[in-house]
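Here it is, written out as structure tokens:
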């Protein structure tokens, strides 16, 4: 089973709960300017191109004005800095750093319209200018244009997925958008109910407390305390039924502990409350994918991309769904394009390798997964896909060893229960093929304890039971697997084996098997 990219709501419209609740990071450009310019990091400041574009003989004058502007900025003289950067732009209109720095200076002087215009001009000159997008997002946030700010920061993240500031800024914006919805006072409802000022104040205090409760629940989740996370976030969703944030986070914990039906329910509740909760859309797609409901997953991912066209997890999820719905070349090409756009990110290669493994194109799968490990040698998802590839190649012992390594530390303390369920299923299949029937059965049952509606685990358990002669229970597991996922290949193989057994029994005894 492909483990799709997971947008824990913390990455999006709910919380990156650690630092973000202490305040957003939109003051970043104040300190970056001094750091980057003082150290002469022109390559970073231009998104990887030369900071000074030679076009005319007056380039030298422009550079001198830029240097003087940097000196002024270093001492907090933003008026002087703005004057110098403006002179640099006039001397050499192709000097991209001058535009960027002039935007920074204008922002310090609270001339936000002019600041945004300078950053937009820098972006026109270099559409891959990451820092200009980050700066533009910060400026727009200060003017109250949160949608524009979110778009700019999302673009920065798409260009530089490992840029911590861009990711934190985008997360903070999404949290801010969610919090606006959360903190809406239901004044009309209160008036209709005839509530007095004291009751309304009490209700307002509840709304102020929702993020604290969600933060606590997500802290438990990140620490692997799944029972506490489930209890805390479940209570938050109950206490704050109007909160899209609470329902979306509760859904993530349910899905991570194997309750995919519960996650789908909670993510849909979150979307009923706030249809713009992009994280809820992506996580709904994730849960539907694990249920094998690819058409519905495709719809969810498309809805997420309509809200944020640059969201990586939604792009990859949609590409995977496209392949699963039969448009193999189109989906793989989408992943290839994503990989080109995000050359330093392993996720596109991991998804490609997983899909190619499922398609039986093992050499191509191996190449994709090796590329993923080159980019991120310690990526557990890539390692998991390598284990699945070994299983597909029939290298049972090597596959079992890989899966066993991935299950350390033990599943009980992990916040990646979905991934551990897949690892247990893989290990169960490897042990079954190696002849360890009891060990195989134990692993499949452990997987089902984590995720009771995992079709692959039910099918694998059925195959183990069939190998032990328990045809009746094997059939029950096959039916359960097909009810959960009618296209589940292991379940179909199990049914085929059981049908062959039925035919054999009929030929020998002259009557049908009692199991059919």
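In this note's numbering, the protein residues as written are 125 to 640. The beta-carbon is built from N, C-alpha and C at its ideal position, and this holds for glycine as well.
Is residue i helix, strand or coil by DSSP?
| i | result |
| --- | --- |
| residue 456 | helix |
| residue 337 | helix |
| residue 542 | Because the pLDDT at residue 542 is just 44, under 50, the model does not fix this residue reliably, and the value given afterwards should be weighed accordingly. Here residue 542 sits in helix by DSSP. |
| residue 425 | helix |
| residue 620 | helix |
| residue 568 | helix |
| residue 349 | coil |
| residue 253 | coil |
| residue 595 | helix |
| residue 192 | helix |
| residue 342 | helix |
| residue 410 | helix |
| residue 261 | helix |
| residue 472 | helix |
| residue 128 | Because the pLDDT at residue 128 is just 34, under 50, the model does not fix this residue reliably, and the value given afterwards should be weighed accordingly. Of the three classes helix, strand and coil, the one that applies to residue 128 here is coil, per DSSP. |
| residue 218 | coil |
| residue 586 | helix |
| residue 485 | coil |
| residue 159 | Residue confidence is low: residue 159 scores 26 on pLDDT, short of 50, so the model does not pin down where it sits. No coordinate-derived value is stated. |
| residue 167 | Reliability of the predicted coordinates at residue 167 is poor, the pLDDT of 29 falling under 50, and no value is obtained from them. |
| residue 199 | coil |
| residue 515 | helix |
| residue 374 | helix |
| residue 609 | coil |
| residue 416 | coil |
| residue 400 | coil |
| residue 209 | helix |
How would you label residue i, buried or exposed, when you count the other beta carbons within 10 angstroms and need 16 or more for buried?
| i | result |
| --- | --- |
| residue 467 | exposed |
| residue 396 | exposed |
| residue 362 | exposed |
| residue 623 | exposed |
| residue 368 | buried |
| residue 487 | exposed |
| residue 321 | Model confidence at residue 321 stands at a pLDDT of 40, short of 50, so the residue's coordinates are unreliable; what they give is reported in the following sentence. That one is exposed. |
| residue 271 | exposed |
| residue 383 | buried |
| residue 337 | buried |
| residue 137 | Annotation note: pLDDT 25 at residue 137 (below 50); position unreliable, coordinate value reported separately. The residue in question, residue 137, is buried, as its Cβ has 16 or more Cβ neighbours within 10 Å. |
| residue 203 | exposed |
| residue 267 | exposed |
| residue 347 | exposed |
| residue 612 | buried |
| residue 227 | buried |
| residue 518 | exposed |
| residue 350 | buried |
| residue 508 | buried |
| residue 237 | exposed |
| residue 413 | buried |
Just to confirm before moving on: does the CB-CB distance between residue i and residue j stay below 9 Å?
| i | j | result |
| --- | --- | --- |
| residue 458 | residue 499 | no |
| residue 505 | residue 282 | no |
| residue 444 | residue 478 | yes |
| residue 183 | residue 215 | yes |
| residue 229 | residue 209 | yes |
| residue 341 | residue 356 | yes |
| residue 394 | residue 371 | yes |
| residue 513 | residue 489 | yes |
| residue 621 | residue 585 | no |
| residue 645 | residue 483 | Absent from the model: residue 645. The displayed extent of the chain is 125 to 640, so no value can be given. |
| residue 212 | residue 232 | no |
| residue 598 | residue 572 | no |
| residue 433 | residue 406 | no |
| residue 377 | residue 358 | yes |
Give a yes or no on whether the minimum CB-CB distance between residue i and chain D is below 9 Å.
| i | result |
| --- | --- |
| residue 250 | In the displayed structure, chain D is absent; only one protein chain is listed. |
Cβ of residue i versus every heavy atom of the ligand GDP: is any distance shorter than 8 Å?
| i | result |
| --- | --- |
| residue 230 | Looking at this structure, you won't find the ligand GDP or any other ligand, since it has none at all. |
Could you give the C-beta distance for residue i and residue j, rounded to a whole number, given that I count them as a contact under 8 Å?
| i | j | result |
| --- | --- | --- |
| residue 256 | residue 263 | Actually they do not touch by this definition, with Cβ atoms about 10 Å apart. |
| residue 408 | residue 389 | That pair is no contact at about 10 Å. |
| residue 476 | residue 456 | 6 Å |
| residue 577 | residue 416 | With a Cβ gap of about 10 Å, residue 577 and residue 416 do not count as contacting. |
| residue 553 | residue 563 | The pair is not a contact, with the Cβ atoms about 11 Å apart (cut-off 8 Å). |
| residue 583 | residue 615 | 4 Å |
| residue 297 | residue 273 | 6 Å |
| residue 240 | residue 260 | 6 Å |
| residue 591 | residue 561 | 6 Å |
| residue 495 | residue 449 | In fact, because the Cβ distance is near 25 Å, the residues do not count as touching under 8 Å. |
| residue 411 | residue 387 | 4 Å |
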